[in-house]
Amino acid sequence: MIKEKIQQLSADIFNEVVANRRHLHANPELSFHEVATSAFVAGKLDELGIEYKKMADTGLVALIKGDKPGDGVVALRADMDALPIFEANNVDYKSTNEGVMHACGHDAHTSSLLGTAKILTELKSEFGGTVKLIFQPAEEKLPGGASLMIKEGVLENPKPAAVIGQHVMPLIEAGKVGFRAGKYMASTDELYVTVKGKGGHGAQPQQNIDPVIITAHILTALQQVVSRFADPKSPSVLSFGKVIANGATNVIPNEVYLEGTFRTLDEHWRKEAHIKMKKMAEGIAESMGGSCDFNIMHGYPFLINEEVLTAATRGHAEDYLGKENVVDLDIWMAAEDFAYYSQVADSCFYRLGTRNEARGITSSVHTPTFDVEEDAFKISTGLMAYLAVKQLGN
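Numbering (UniProt numbering), first residue to last: 1 to 394.
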């Protein structure tokens, strides 16, 4: 049976997948600068005899066509970029690019999809249809590599009936995967706000228009957007992580600068909230004698896993791994540009467990100590291959 053949090939290439992952981890590149990473992937595809083309500068899209009859198409996606983080892990494959780190597992995603490509190439005689491989740049930075690749036609010629993505999850033990049908991850918008007043001596506030006090009122009032205007059945998050007044103990500054994020799972409410936040902040500032520049950088949409596809994909995962190794996921208010695929095509974005408490591999993504339990690669490559051939009706 094809499942057993995939499982055997997955075991056979395990060491190669680990080596590829370690190479990528040691040589991370930031969003839109994945030049060496793209070249590495291209070289591996060349070795497998898989044709590909470049897209979105450093992205690659490749096709594997089965030898059996079939005109179905499924796309598998892996992102390739790293983050501007100084790695704190003391491992042989530690980043050699100081200040840049694969702290979100994109090295694992890319090496896994290369392994999947090798498995599918070996089994071309066993399935019909076409598997489209998407090696995507710049998931971590707006406007997102997914949006650019879609604009350049990655979901056309041929058009996939489904797009499947796999992402590491340090909250789940290695050897397990997680699924959630329906809305899964939030939209994300970046907020850049400047509150302007009139600075002066801290001992003479009557001569000033204090932007710090105005900012305090704005920050408190804006939380009403979530607590009083949003539907409590639909999650929303509004957080400000940077507030710079840059005055002194006796100096009231001329302005205060803020940066924050707004996230939700409803596109209609998202637009409405933008209007409310901007109007509220500007109104409060004006009522207190100041002004406010409230700028919103529109980010990724929310991610939705198509119900029927996700149910089928989960069933295939249970068949491949055993039902006990497939878990439920909760809503996750982080954002992911895979959402762009999910907005225009039936999509399924699932989680690959990478946790190993015994070895201390428990750190969250986007931290300097993030790492993955490499035993996860024993299932990551084969599972994606199996999901692809089953989606194609084999």
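Glycine residues also receive a C-beta, built at the ideal position from the N, C-alpha and C atoms. Being a predicted model, the structure only gives us computed values, none of them experimental.
Item, Value
"N- and C-terminal bounds of the alpha helix (DSSP H) containing Asn-20", "14 to 26"
"First through last residue of the alpha helix (DSSP H) which encompasses His-109", "106 to 122"
"Buried or exposed by the 16-neighbour rule on C-beta atoms within 10 Å, applied to Lys-233", "exposed"
"Under 8 Å between C-beta atoms of Val-17 and Phe-377", "yes"
"Inter-residue spacing [alpha-carbon to alpha-carbon] between Ala-339 and Asn-157", "21 Å"
"Extent of the continuous alpha helix (DSSP H) run through Asp-46", "35 to 48"
"Beta-carbon separation (whole angstroms), Phe-302 vs Met-185, contact threshold 8 Å", "6 Å"
"Length at least 4, wholly inside the stretch 244 to 328: the alpha helix (DSSP H) runs in chain order", "267 to 287 and 307 to 321"
"Start-to-end residues for the alpha helix (DSSP H) that takes in His-102", "First-last for His-102: undefined, no H or E at that position."
"Residues bridged to Gly-59 (per DSSP)", "Met-55"
"As assigned by DSSP and simplified to three states, the class of Glu-4", "helix"
"For Pro-170, the first and last residue of its enclosing beta strand (DSSP E)", "162 to 173"
"Reduced DSSP secondary structure (H/G/I, E/B, other) of Asp-375", "helix"
"Rounded distance between the beta-carbons of Ala-88 and Pro-368, thought under 8 Å", "4 Å"
"Meets three-Cβ-pair contact criterion under 8 Å: the stretch 1 to 15 and the stretch 375 to 393", "yes"
"Same chain only: Cβ atoms within 8 Å of Val-100, ignoring 5 sequence neighbours per side", "Pro-28, Glu-29, Leu-30, Ala-82, Leu-83, Pro-84 and Ile-85"
"Inter-stretch contact (C-beta, 8 Å, three-pair minimum) for the stretch 246 to 256 and the stretch 163 to 182", "no"
"Cα-Cα separation, Asn-356 to Lys-53", "37 Å"
"Meets three-Cβ-pair contact criterion under 8 Å: the stretch 192 to 209 and the stretch 358 to 372", "no"
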